[in-house]
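The block underneath contains the structure these notes are about, expressed in structure tokens.
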Amino acid sequence: MSLDKQLVQGQGMTSLRTRQRLIERLTEKGIADVRILEAMRDTPRHLFLDEALSTRAYEDLALPIGYQQTISQPYIVARMTEALVSDDRLTEKPLEKTLEIGTGCGYQTYLLSLFSKKVTTIERIEALKDKAQKTLKELKINNITFKVDDGSNLGDDQYDAILSAAAPLEIPQSLKDRLTIGGKLIIPVGDGNRQVLTLVKRTSKSTYIEEKLEDVLFVPLLKGVVS
Ligand code: SAH
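Here it is in structure tokens:
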């Protein structure tokens with residue numbers, strides 16, 4: 014089905030009221046940055062899902078996207094985005110360079126692209142990357158670079174924001190090294206039983222501050238590429 018048709022059909026199925034209810038729920042759960050709330054209200058989350066699931070797109074739920082992966086729960090997407098961008102709330106200055114590990118369906122990538130001049134996103138499953146890239150092209154987003162790779166293979170680039178959508182057992186030092194001074198990394202850390210969403214800020218060349226935000230459940234960060 015063409016995107017235009019999906020958008021039109023999507024409007025009936027996902028009325029502004031349904032989206033507004035999701036935003037109310039996010040507000041109740043503590044999301045305060047109006048820019049993020051508005052962006053999530055206006056983002057067509059149903060376009061990132063298979064049609065069979067699109068009626069549930071504006072519920073605060075993680076949903077399957079195939080390949081045993083899930084689109085993250087909207088509350089968690091909002092929380093992670095806020096952790097990275099909310100410092101700039103007063104100036105509304107966009108982030109310069111953002112890195113995402115675990116593109117999945119591209120919904121979180123889309124939100125990051127609204128708050129960052131450039132986004133690089135890495136996904137180990139080629140088919141997911143291809144689908145996300147297609148959706149984001151249809152949404153006319155052009156500040157995202159897509160890569161199929163294991164997110165532990167990082168070059169020398171530095172980022173002022175890094176988001177990992179998959180959980181390692183411990184935060185890799187190699188990832189912290191990719192932060193600019195003043196940069197922030199948001200990442201779930203732990204195993205399948207217990208993970209904690211952790212915010213790391215780089216305060217100097219060799220110092221970092223870690224803040225544990227809340228318990229979460231993400232898919233594990235896995236090795237290698239699936240093509
Ligand atoms: N934000 C995404 C979350 C997808 S789930 C969404 O809402 O759709 C996390 C993703 O991380 C999965 O697609 C998984 O394949 C990917 N992933 C896991 N380990 C990875 C690694 N080492 N490198 C890159 N991607 C990885």
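Each residue of the sequence shown is one higher than the one before, counting from 14 in the working numbering.
Where a beta carbon is used, it is the ideal one built from N, C-alpha and C, also for glycine.
Please report the distance separating the alpha-carbon of residue i from that of residue j.
{"i": "MET14", "j": "GLN146", "result": "For MET14, the pLDDT reaches just 45, beneath the cut-off of 50, and the residue's location in the model is therefore unreliable, leaving the point undetermined."}
{"i": "LEU210", "j": "ALA65", "result": "30 angstroms"}
{"i": "VAL161", "j": "GLU136", "result": "5 angstroms"}
{"i": "VAL98", "j": "ARG34", "result": "23 angstroms"}
{"i": "ASP62", "j": "GLU109", "result": "Reading the sequence as shown, one finds Leu at residue 62 and not Asp. Roughly 29 angstroms between the two C-alpha positions."}
{"i": "LYS42", "j": "PRO87", "result": "11 angstroms"}
Which same chain residues end up closer than 7 angstroms to residue i when comparing Cβ atoms and leaving out the 5 residues on each side of it in sequence?
{"i": "PRO107", "result": "PHE128, SER129, LYS130"}
{"i": "ILE89", "result": "VAL229"}
{"i": "THR85", "result": "Checking the sequence, you will find Ser at residue 85 rather than Thr. Same-chain partners within the cutoff: ALA75, GLN121, ALA178."}
{"i": "ALA52", "result": "LEU124, LEU127"}
What does residue i pair with, by DSSP beta-bridge criteria?
{"i": "THR158", "result": "THR133"}
{"i": "LYS225", "result": "THR211"}
{"i": "VAL239", "result": "ILE138"}
{"i": "THR148", "result": "Beta-bridge pairing links THR148 to no other residue."}
{"i": "VAL202", "result": "VAL209"}
{"i": "ALA180", "result": "PRO233"}
Assuming residue i and residue j make a contact with CB atoms under 8 angstroms, what is their CB distance in whole Å?
{"i": "ILE194", "j": "SER217", "result": "6 angstroms"}
{"i": "MET93", "j": "LEU149", "result": "So it is not a contact: roughly 18 angstroms between Cβ atoms."}
{"i": "ARG32", "j": "ARG48", "result": "Incorrect: roughly 16 angstroms between the Cβ atoms, too far for contact."}
{"i": "ILE138", "j": "VAL213", "result": "Going by Cβ atoms, the distance from ILE138 to VAL213 rounds to 26 angstroms, so no, they are not a contact pair."}
#### Entry: Segment contact, 8 angstroms Cβ cut-off, at least three pairs: the stretch 156-166 with the stretch 73-85
no
### Task
Decide yes or no for the touch test of the stretch 67-74 against the stretch 199-208: beta carbon pairs closer than 8 angstroms, at least 3 of them.
no
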